[in-house]
Structures are given as structure tokens and as C-alpha cells.
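Under numbering that gives the first Met the number 0, the letters of the sequence shown match residues 0 to 110, in that order. Glycine is no exception: its CB is placed at the ideal position from the N, C-alpha and C atoms.
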Amino acid sequence: MLIEGFLLFALLVFAFQFLQLQRAKGRFPPGPFPLPIFGNLWLLNFALKRETLVKLTSIYGNIYTIWLGTTPVVVLNGYKAVKEGLVTYSEETSGRPLMPLFMELKGEKGL
Numbered sequence: 000m001l002i003e004g005f006l007l008f009a010l011l012v013f014a015f016q017f018l019q020l021q022r023a024k025g026r027f028p029p030g031p032f033p034l035p036i037f038g039n040l041w042l043l044n045f046a047l048k049r050e051t052l053v054k055l056t057s058i059y060g061n062i063y064t065i066w067l068g069t070t071p072v073v074v075l076n077g078y079k080a081v082k083e084g085l086v087t088y089s090e091e092t093s094g095r096p097l098m099p100l101f102m103e104l105k106g107e108k109g110l
């Protein structure tokens, strides 16, 4: 009985996260399909590697979204995309908090 209750609870949490991700995905640029709770960390092998991001650029273009857990991260590739994101849409991109997980994955690298 305890195991069935736990499985039902886990299924409900999974379904709730799935619905939240589907609703939130519409507000961001396209990107790979995120899993509930883990996002795209499975795709990135839990590390931000340049080769993986370049491969995603060839599929989704210079602006796409990856999900680190339940947090969306918009990736800008190339001068034109970065300029548009940081200059043209400066109000939307300013004041974003730093995520400890993202800081750990990217190390001491800049943008």
C-alpha cells in the first residue's frame, strides 16, 4: 500500500511538472524537449559542453532554449544574436539572477 501511494504521488508530480513545462515552453524560443524535473540536463550529460551546444545550434538556429532542471536558459549564438538579445531587448535580459547550478556547469567562463 505504501509503495502504491508513493508511485501515485510520483506520477502526479511528474504529470504536474510536464504540464507546467508545456505551458511555459510557449513563451520561449524553440529548443529540445525538456523532461519534467530534469529539463535538458539529460541531453547535456549534466555538463555544458561546446560540442553539444554547437549541435543544438545546427538544429534550432542561433537562438534557442534549454532547460536546466525547471529553469529555462535562452542560448544566444553569434554576434548578431547576442547584440539583439543584450542591446535590443536589454530590459528583458537585465537583472537576471545567477543560478548556482549554471555557474557550476559553465565554470569561470564569461558569457
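Looking at chain D, is there any beta carbon in it that lies within less than 9 angstroms of the beta carbon of residue i?
i, result
"residue 37", "Among the protein chains of the structure shown there is no chain D, as only one such chain exists."
Do residue i and residue j have their CB atoms nearer than 9 angstroms?
i, j, result
"residue 69", "residue 20", "yes"
"residue 81", "residue 63", "no"
"residue 55", "residue 71", "no"
Can you tell me the Cα-Cα spacing of residue i and residue j, whole angstroms?
i, j, result
"residue 41", "residue 65", "11 angstroms"
"residue 0", "residue 11", "17 angstroms"
"residue 43", "residue 6", "27 angstroms"
"residue 83", "residue 35", "30 angstroms"
"residue 28", "residue 45", "21 angstroms"
"residue 99", "residue 88", "24 angstroms"
"residue 33", "residue 16", "10 angstroms"
"residue 123", "residue 47", "Missing from the structure shown is residue 123; the chain here goes from 0 to 110 and no further."
"residue 4", "residue 22", "27 angstroms"
"residue 86", "residue 49", "24 angstroms"
"residue 103", "residue 8", "31 angstroms"
"residue 77", "residue 67", "21 angstroms"
"residue 60", "residue 93", "23 angstroms"
At a cut-off of 8 angstroms, is residue i close to the ligand MN when judged by its beta-carbon and the heavy atoms of the ligand?
i, result
"residue 67", "Looking at this structure, you won't find the ligand MN or any other ligand, since it has none at all."
Looking at the strands, I want to know which residues DSSP matches up with residue i.
i, result
"residue 34", "38"
"residue 73", "64"
Report the three-state DSSP secondary structure of residue i (helix, strand or coil).
i, result
"residue 47", "coil"
"residue 89", "helix"
"residue 99", "helix"
"residue 26", "coil"
Could you tell me if residue i is buried or exposed, where buried requires 16 or more neighbouring beta carbons within 10 angstroms of its beta carbon?
i, result
"residue 25", "exposed"
"residue 18", "exposed"
"residue 38", "buried"
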